[in-house]
Amino acid sequence: MSSEWPLWEVFIRGQHGLNHRHVGSLHAPDAEMAINNARDVYTRRNEGVSIWVVRSSDITASAPSEKGPLFDPSNSKVYRHPTFFDIPDEVGHM
Amino acid sequence: MATATLEPTVAQAALVEFLLRIGDNTLILGHRVSEWCGRGPALEEDIALANTALDLIGQTQLWLGLAGEVEGQGRSADDLAYLRDGYEFRNILLVERPNGDFGMTLMRQFVFDAWHYLLLKALEGSADRRIAEIAEKAFKEVSYHLDRSRDLVIRLGDGSAESHRRMQEALDDLWAFTGEMFVGDAADAALAEAGVIPEPQSLKVGWDEIVSDTLTEATLKPPADGYMHKGGRRGVHTEHLGYLLAEMQFLQRAYPGATW
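Residue numbers (our numbering), protein chains in the order written: chain L, 1 to 94; chain H, 95 to 354.
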């Protein structure tokens, strides 16, 4: 039965003020039931205050094979980190 | 609700009776639904059913716990659940019906949830604060149970030819077990008079409304109100309860007092 249902990705907001986080996926015939199923599968232990679901097929992902060209170039660019400023003592902890 | 003073021992006996009835309903239905664990038609449904079963068993702990307290014989919720025989159970016959297929289980859940929802809503205003507090907690859980079973009854009733046929069969099969929810006796009348519980009959109008709206949307045909099976509330049960208890009570009967 579930093999006929589309796959949905589930995002849960744990507390007010935090971002929704991806928690997993499940099968459901439509969005409304995906929310219900997500409630039953992923919020049983009081994990959430809000649920998002999105069809897995609607997500565009970067290809693992492009990992090198996409991410390697940012590896050795220390100047992109704000570590070259002298912070005055008065500023305290940042 | 009116407040009248009852003769204390009558009130106590009636109150214990009521608490056993509501607690046995949630216990037996909770056990029935738990029989689906690991067998649901999809992983998501399996978990949802297990959640429902756990909600009901959690409510049972509160209702039977209070029943034992009011009874005052030192019996705990566990004693009442595991050490009574069939004729001492007060659940309605509907909840001991075998699960059948998924459609049958859902239809049983839906007709029960619609009634349970209305009952708990009324009990939130009970003159007995202990009852009102349990009802308030259970009401939130049962509101979700009703949303879910109602939604699935509509989806499957108004689904494929096969799912429609199964849902109609389930409805026809279970209908004769719905009447018992609305029949009261002297204990109910005494408690209703004191504002502790609603008259069972008073829930019928609201139930009819929820059920007929849902069935219309589900394209299912409500059966005519004919003969209604009764007896569970008095301890007269169908043969199905015995098998259920044999499984549910086995451990405590074979190894009295076992804990883990």
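By construction, the Cβ of each residue, glycine as well, lies at the ideal position given by its N, Cα and C atoms.
Listed in chain order, the non-local C-beta contacts of Y181 of chain H below 8 angstroms within the same chain comprise G329, V330 and H331, local neighbours out to five positions each way being set aside. Residue pairing from DSSP places G24 of chain L in a beta bridge opposite L:V10. In this structure, the CA atom of L335 of chain H is about 32 angstroms from the CA atom of A288 of chain H. Per DSSP, V53 of chain L is one residue of the beta strand (DSSP E) stretching across S50 to R55. DSSP places A281 of chain H inside the alpha helix (DSSP H), whose first and last residues are A280 to E287. Cβ-Cβ separation between L200 of chain H and S237 of chain H: approximately 17 angstroms, too far for a contact (criterion under 8 angstroms). Taking the beta carbon of I141 of chain H as reference, the chain L residues within 7 angstroms of it are D40 and V41, listed in sequence order. Close CB contacts of R184 of chain H within its chain, under the 6 angstroms cut and outside five residues either way in sequence, are with L114, R115, D118 and R327 (chain order). Contact residues of the stretch 238 to 250 of chain H toward chain L are Y238, D241, R242, D245, L246 and R249 (C-beta to C-beta distance below 9 angstroms). Residue state for S170 of chain H is assigned as coil, using DSSP reduced to three classes.
Y321 of chain H is classed as exposed because its beta carbon has fewer than 16 other beta carbons within 10 Å across all chains shown.
Residues are counted here when their Cβ sits less than 7 angstroms from a Cβ of chain H; for the stretch 37 to 67 of chain L these are N37, D40, V41 and R44, given in chain order.
Shortest Cα-Cα distance from L188 of chain H to any of H:D279, H:P292, H:S128 and H:L268 involves H:L268. Inclusion of L150 of chain H and G124 of chain H in the CB contact set at 8 angstroms is warranted, their separation being smaller than that value. For L26 of chain L, the chain H residues whose C-beta falls within less than 8 angstroms of its own C-beta are L137 and E138, listed in chain order. An exposed status is given to D89 of chain L, since fewer than 16 other beta-carbon atoms sit within 10 Å of its beta-carbon. Within the same chain, Cβ atoms closer than 6 angstroms to the Cβ of Q203 of chain H are found at S243, the five residues on either side in sequence being excluded. Counted as a single uninterrupted DSSP element, the alpha helix (DSSP H) harbouring F71 of chain L occupies residues K67 to F71. Interface annotation for the stretch 141 to 160 of chain H against chain L: I141, A142 and N145, criterion Cβ-Cβ distance under 7 angstroms. Burial state of N145 of chain H is buried, judged by a 10 Å Cβ sphere holding 16 or more other Cβ atoms. For A221 of chain H, the closest C-alpha among the options H:L109, H:M342, H:Q346 and H:A352 is that of H:L109.
According to the DSSP assignment, E274 of chain H belongs to no alpha helix (DSSP H), since it is labelled neither H nor E.
The three-state secondary structure of I304 of chain H, taken from DSSP, is helix. For S50 of chain L and A352 of chain H, the gap between their C-alpha atoms comes out near 41 angstroms.
Boundaries of the alpha helix (DSSP H) harbouring D245 of chain H: R223 to G251, taken from the DSSP string.
With a cutoff of 8 angstroms on beta-carbon distance, L217 of chain H and A208 of chain H are scored as not near each other. CA-CA distance, R259 of chain H to A284 of chain H, rounds to 43 angstroms. The three-state secondary structure of I151 of chain H, taken from DSSP, is helix.
For G251 of chain H, the number of other beta carbons within 10 angstroms of its own is at least 16, and it is reported as buried. Counting every other CB atom within 10 Å of its CB across the protein chains shown gives H93 of chain L a total below 16, marking it as exposed. Per DSSP, reduced to three states, the secondary structure at Y181 of chain H is helical. With distances taken between CA atoms, A340 of chain H lies nearest to H:R178 out of H:A105, H:Q106 and H:R178.
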